[in-house]
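For reference, the structure discussed in these notes is given below.
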Amino acid sequence: MYPVTHRTIQTIRACRAAGPSAIWRHWWLWWRWLAALLLAAAAVLGLLAAPAAQAGERLDRIMEKKLLRVGTPGDYRPFAIKTEGGYSGHDIDLIELIAKELGVRIEYVPTTWKTLLPDLQADRFDIAIGGITRNVARLSQADMLPGYAPFGKVALVRAEHKDRFTTLQSLNQPDVRVIKNPGGTNELFVDAHLGQAQVRTHEHNAQIPALIAEGQGDVMITETYEALHYARADPRLHAAFIEQPLTPRNWLGFLLPLDDADYRRVMHFVWQQMHERGQLREAQTKWLAP
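Following this line, the structure appears as structure tokens:
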């Protein structure tokens with residue numbers, strides 16, 4: 000119970016003297032004040048209960064430890080490939096520029112196309128790179144930096160078969176042997192469009208071009224830049240559908256977790272800086288120019 004003060008008694012007497020309308024007006028103002036107070040309290044509680052996405056914990060950890068954990072399958076030329084000498088490629092150059100801007104070092108964390116998103120969400124790394132296609136499925140569960148390297152789905156085939164494979168229908172035949180890598184958008188395309196072909200899965204994406212060249216398979220579905228890279232490196236191979244890809248144009252992007260808005264904001268800012276400085280263009284010229 001609230002105590003009845005002298006001021007309260009005076010207010011009641013004044014309202015009684017003024018009539019019923021004054022009493023009603025007094026209590027309406029009082030309830031209005033109480034409602035405003037409750038709304039303010041709810042807003043404060045909402046801020047206190049807000050998700051960690053606003054807390055900046057990931058960014059704080061990166062800057063405190065001076066360490067950026069970078070996940071990549073490391074099997075997709077010319078974007079990110081792991082060899083005995085370490086990692087190299089278009090995306091590797093860019094992530095090293097980002098780390099330099101942040102003033103941190105990089106720890107590369109191996110992952111696979113199949114476990115890319117689960118590993119990101121399990122906090123195994125802070126960013127994923129390596130030729131990752133931007134699409135609705137990924138953006139519904141993660142953030143991605145602005146797109147780069149526009150491409151379409153194409154086919155890597157043997158040079159002797161370049162006149163054989165000229166349409167999607169020519170790929171989708173019972174006597175065509177398709178080798179796919181599990182877990183990515185290339186596998187989704189194969190499963191959706193090449194159901195009549197002989198399809199087998201090979202775990203190591205970077206090994207599939209050699210299998211095609213050696214005649215152990217006929218077709219590898221991939222993207223524009225990977226097909227061009229292997230066709231230039233090995234005269235036994237041909238990049239089919241380059242001029243007219245099998246899919247509409249799409250873009251690649253770096254994958255970010257959703258748990259820290261501060262971190263995402265900083266990474267988008269650094270990317271924009273790299274664009275304005277011409278560093279994205281320099282990497283494209285070095286790795287992706289025809």
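In numbering that gives the first Met the number 0, the protein residues as written are 0 to 289.
Glycine is no exception: its CB is placed at the ideal position from the N, C-alpha and C atoms.
The beta carbon of L167 sits closer than 7 Å to those of H192 and L245, all from its chain and outside the five residues before and after it, given in chain order. S139 sits in coil when the DSSP states are folded into three classes, being neither helix nor strand. Sixteen is the threshold: since fewer than 16 other Cβ atoms of the shown chains lie within 10 Å of the Cβ of K99, the residue is exposed. Of the residues assessed, K179 falls on the buried side of the cut-off, its CB having 16 or more other CB atoms within 10 angstroms. If you look at F150, you'll find it isn't in any alpha helix (DSSP H); it sits in the beta strand (DSSP E) that goes Y147 to F150. For L67, the enclosing beta strand (DSSP E) starts and ends at L66 to T71.
Looking at the DSSP output, T132 sits in a beta bridge with L251.
Cβ-Cβ separation between T223 and V153: approximately 6 Å, consistent with a contact (criterion under 8 Å).
If you ignore the 5 residues before and after G102, its C-beta comes within less than 6 Å of no other C-beta in its own chain.
Under the three-state reduction of DSSP output, L245 falls in the coil class, being neither helix nor strand. Of the residues assessed, G183 falls on the buried side of the cut-off, its CB having 16 or more other CB atoms within 10 angstroms.
Cβ neighbours of I241 within its own chain (closer than 8 Å, five residues either side excluded): V153, T223, A226 and L227. Taking P208 as reference, the option from F253, R280, V189 and A230 with the minimal CA-CA separation is A230. By the C-beta criterion, the region 247-254 is judged not to be in contact with the region 189-206, since fewer than 3 inter-stretch pairs fall below 8 Å. Ranked by how close their Cα comes to the Cα of G194, the residues R68, N171, G216 and Q215 have N171 in first place.
Between I61 and D125, the gap from beta carbon to beta carbon is short of 8 Å.
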